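Engineer:
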Amino acid sequence: MTHSQCLELLESVEDTIDFFVSGLTYLIHAESQQALPDLQLIAQWEAMDSEAFDLQYTLSGATVETYQQVLETYRQRNREL
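Residues 0 to 80 in numbering that gives the first Met the number 0 are what the sequence shown spells out, letter by letter.
(1) Distance, Cα to Cα, Gln75 vs Ala34?
(2) Is it right to say Thr15 is buried, meaning 16 or more other beta carbons lie within 10 angstroms of its own, or is it exposed?
(3) For Phe19, count neighbouring Cβ atoms within 10 angstroms of its own Cβ and tell me buried if that reaches 16, exposed if not.
(4) In its own chain, which residues sit with a C-beta less than 8 Å from the C-beta of Leu58, not counting the 5 before and 5 after it?
(5) In chain order, what residues of the same chain lie with their CB nearer than 6 Å to the CB of Gln32, ignoring the 5 residues before and after it?
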């Protein structure tokens, strides 16, 4: 994999995780504004948000395969949201 391809992969992972976190932030806010918010759902989304946030800091120095797996995982999670 070339240096340019590695940078593209890194940027794709960062963008995908950022999009996921943004979606969760929106959902958490929207649910909390409901007359009867689903606190269990909010807690689930907050846990997912925390996991994604932590993941961004543990990826440094990971293998290309790890970055590719994270990219696929979070693309799928974005579709599920």
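Think of the CB as a built atom: it goes at the ideal place given N, C-alpha and C, for glycine as much as any other residue.
Note that the coordinates shown come from a computational prediction; the quantities given were computed from them, not determined experimentally.
Structural biologist: Considering the structure as presented:
(1) For this step, residue 75 is matched to residue 76 along the sequence shown. For this step, residue 34 is matched to residue 35 along the sequence shown. Their Cα atoms are separated by approximately 30 Å.
(2) Position 16 of the sequence shown holds residue 15. It is buried - the Cβ of Thr15 has at least 16 other Cβ atoms within 10 Å.
(3) Position 20 of the sequence shown, counted from the first residue, corresponds to residue 19. By the 10 Å Cβ count, Phe19 comes out buried.
(4) If you number the sequence shown from 1, residue 58 lands on position 59. Val12, Thr65, Tyr66, Val69, listed in sequence order.
(5) As a position in the sequence shown, residue 32 is number 33, starting the count at 1. Within the same chain, Gln32 has no close Cβ partners at all.
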